[in-house]
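According to my numbering, the sequence shown holds residues 441 to 760 in order. The structure appears right after this line, and notes come after that.
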Amino acid sequence: MTDAYTNEILTQKVDQIVSKLVNQPLPPIQPPPKVPTTSAEVASLIDHTLLAPASTLQEVRNVCSEAKKYKACTVCVNSSMIPIVSEELKGSGVHPISVVGFPFGSANTEGKVREAQVAVEQGAKEIDMVNEADISFHFLPLCCFPLVDFLFHLPLPLPLTHTYRKWNKKKVQNIGLLKSGRYLEVYNDVLEVSKACGQATLKVIIETSLLTAQEIIASSYLSCLALQGDGFIKTSTGYGGGGAKADDIRVMYEVCQLVSKELSLPGGRATKVKASGGIRSLATVREMVQNGAQRVGASGTSKIISEVEGGKVEADAGGY
């Protein structure tokens, strides 16, 4: 019973699955996943995404129009935009997604629960939550800040720049509860938001680029355990300094399957995997699917679809 979990029990379970999977070559998935070949198949995998904080209402509406045009699976936006997106997508078959606790995951569980509840009430059919991570911009070198400001149209005031310089000298990267071994709190964070989602699908963002191989397995395991075979685990926010990697997707998929067996879920039901961060080409979409991804997040949906329709497959240039 999940009520019987303690931090000690979860630590033992995490240690067992880490020892089983870490640094172990994983065979190709059997049967092999179906690689999408048509524009409809590709679009059906895509969460068309707009999460930049300076996005205007018109830009949000444009993303909804693009999603309807290409018949994407969903539109993923910040929670404040859900009422607009829900209205724009009504009757289209494209579902609204709200991110929760985005992008750092450092909000308390109660705050995430309430944000998820309101988003669902306003029409969100899926919730992409950031798990306990306490990610901060101090993992970026100071030289990156002008680029961040340019990209998001948020000029950094001089006093804040000065404050950052002082603060950055004193702080070290901290991704919080998971790295501290407080597994019960990580588990409960997912569990409580899952309850708040009701019938909405929950995806848990674990921010793979800031985790070691062992921590990716641990975070995936705890999330899958809380999701009980439902929902998704997801690689990245796009704010963590990296994106989806095929090897990470493969091990996340394997964890999902192992948890399904551990819990004896009916019909082999298992939590799914979403690849996000740096998904900008058809080649990358296909690579992620081959390694176990059943959904991808992308802002460049039109480029990806054009590659399918034009028969041109380009290598991923990187970035979010």
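Don't be surprised by glycine CBs; every beta carbon is placed ideally from N, CA and C.
What residues in its chain sit with their C-beta under 7 Å from that of residue 525, if we drop five residues either side in the sequence? Within the sequence shown, numbered from 1, the residue matching residue 525 stands at position 85. For residue 525, where only same-chain residues beyond five positions count, the Cβ hits under 7 Å are 500, 504, 515, 517 and 536.
DSSP state of residue 706, grouped into three classes? Within the sequence shown, the letter at position 266 stands for residue 706. The answer is helix: DSSP assigns residue 706 an H, G or I state.
How would you write the range of the alpha helix (DSSP H) that residue 724 sits in, first residue to last? In the sequence shown, the residue the question calls residue 724 occupies position 284. Element bounds for residue 724: 722-730.
Based on DSSP bridge pairs, tell me the residues matched to residue 643. As a first step, residue 643 is located in the sequence shown; it is residue number 203 there, counting from the start. Paired residues: 568 and 672.
Sequence-distant residues of the same chain with beta carbon closer than 6 Å to residue 507, five excluded per side: The sequence position of residue 507 within the sequence shown is 67, counting from 1. Only residues of its own chain outside the window of five on either side were considered, and among them 488, 515 and 534 have a CB closer than 6 Å to the CB of residue 507, listed in chain order.
Pull up the CB-CB distance for residue 429 and residue 572, whole angstroms please, since I reckon it's below 8 Å. Residue 429 is absent from the structure shown; the chain starts at 441 and stops at 760.
Near residue 692, which residues of its chain fall below 6 Å by C-beta distance, leaving aside the five closest residues on each side in sequence? The residue given as residue 692 occupies position 252 in the sequence shown. Excluding sequence positions up to five before and after residue 692, its CB lies within less than 6 Å of the CB of 660, 673 and 713, all in the same chain and listed in chain order.
Would you call the stretch 554-565 and the stretch 637-649 touching, i.e. three or more CB-CB distances under 8 Å? Judged by Cβ distances under 8 Å, the stretch 554-565 makes contact with the stretch 637-649, as three or more pairs qualify.
If I measure Cβ to Cβ from residue 708 and keep anything under 7 Å in the same chain, skipping five residues before and after, which residues do I get? Position 268 of the sequence shown, counting from 1, holds the residue named residue 708. Residues of the same chain with a CB within less than 7 Å of the CB of residue 708, apart from the 5 flanking positions on each side, are 700 in chain order.
Anticipated Cβ contact below 8 Å, residue 728 with residue 715, distance rounded: As a working note, residue 728 is residue 288 in the sequence shown. As a working note, residue 715 is residue 275 in the sequence shown. Indeed, because the Cβ distance is near 4 Å, the residues count as touching under 8 Å.
For residue 536, report the span of its beta strand (DSSP E) as first-last. Working through the sequence shown from its first residue, we reach residue 536 at position 96. Looking at the DSSP string, the run of the beta strand (DSSP E) that includes residue 536 is 535-540.
Residue 621 versus residue 652: straight-line alpha-carbon distance, rounded: Along the sequence shown, read from residue 1 onward, the residue named residue 621 stands at position 181. Along the sequence shown, read from residue 1 onward, the residue named residue 652 stands at position 212. Roughly 13 Å separates the two Cα atoms.
I'd like to know whether the C-beta atoms of residue 731 and residue 689 end up nearer to each other than 8 Å. Against the sequence shown, residue 731 aligns to sequence position 291. Against the sequence shown, residue 689 aligns to sequence position 249. Yes, they are a contact pair.
Nearest-angstrom Cα separation, counted from residue 632 out to residue 529: Walking along the sequence shown from the start, residue 529 turns up at place 89. Walking along the sequence shown from the start, residue 632 turns up at place 192. Computed Cα separation, rounded: 28 Å.
Near residue 749, which residues of its chain fall below 6 Å by C-beta distance, leaving aside the five closest residues on each side in sequence? The residue labelled residue 749 in the question sits at position 309 within the sequence shown. Cβ within range, chain order: 479.
Indicate the three-state DSSP secondary structure (helix, strand or coil) for residue 483 in the structure shown. Numbered from 1 along the sequence shown, position 43 holds the residue referred to as residue 483. It is helical.
Is it the case that the Cβ atoms of residue 762 and residue 704 are separated by a distance below 8 Å? Because residue 762 is not part of the residues shown, which for the chain are 441 to 760, the question remains open.
What did DSSP end up calling residue 685 once you bin it into helix, strand or coil? Taking the sequence shown and counting its residues from 1, one reaches residue 685 at position 245. Three-state result, residue 685: coil.
Under three-state DSSP, which class holds residue 445? Position 5 of the sequence shown, counted from the first residue, corresponds to residue 445. If DSSP states are grouped into helix, strand and coil, residue 445 belongs with coil.
Identify the continuous beta strand (DSSP E) that holds residue 737 and give its terminal residues. For this step, residue 737 is matched to residue 297 along the sequence shown. 735-738 is the span of the beta strand (DSSP E), which, as asked, contains residue 737.
Any alpha helix (DSSP H) of 4 or more consecutive residues that is wholly inside the stretch 498-552: Counting only runs of 4 or more, we get 522-529.
Which whole-angstrom value describes the C-beta separation of residue 761 and residue 677, a residue pair presumed to lie in contact below a C-beta threshold of 8 Å? Limits of the chain in this structure are 441 at one end and 760 at the other, which puts residue 761 out of reach.
For residue 658, which three-state DSSP category applies? Against the sequence shown, residue 658 aligns to sequence position 218. The answer is helix: DSSP assigns residue 658 an H, G or I state.
Span of the beta strand (DSSP E) around residue 712: Reading the sequence shown from its first residue, position 272 is the one you call residue 712. Taken as a continuous stretch (DSSP letters only), the beta strand (DSSP E) holding residue 712 covers 712-716.
In three-state terms, what does DSSP make of residue 648? Position 208 of the sequence shown, counted from the first residue, corresponds to residue 648. Reduced to three states, the DSSP call for residue 648 is helix.
Look up residue 489 in the DSSP assignment and say whether it is helix, strand or coil. As a position in the sequence shown, residue 489 is number 49, starting the count at 1. Residue 489: strand per DSSP, three-state reduction.
With DSSP run on the structure shown, which of helix, strand or coil describes residue 580? Along the sequence shown, one-based indexing puts residue 580 at 140. Note that residue 580 scores 41 on pLDDT, short of 50, meaning its location in the model is unreliable; the coordinates nonetheless yield the value given after this. Residue 580 falls in the coil class under three-state DSSP.
Spatially closest choice to residue 665 from 685, 630, 654 and 686, by CA coordinates: What you label residue 665 is simply residue 225 of the sequence shown in a count that begins at 1. Nearest to residue 665 by C-alpha distance, out of 685, 630, 654 and 686, is 630.
Looking at the unbroken alpha helix (DSSP H) that takes in residue 623, where does it start and where does it end? Your numbering for residue 623 matches position 183 in the sequence shown. Judged by DSSP secondary structure, residue 623 falls within the alpha helix (DSSP H) whose first and last residues are 623-637.
Our contact map puts residue 718 next to residue 740 with C-beta atoms below 8 Å; I'd like the distance itself, whole angstroms only. Start at 1 with the first residue of the sequence shown, and residue 718 comes out as number 278. Start at 1 with the first residue of the sequence shown, and residue 740 comes out as number 300. Residue 740 and residue 718 do not touch by the CB rule: their CB atoms are close to 10 Å apart, not below 8 Å.
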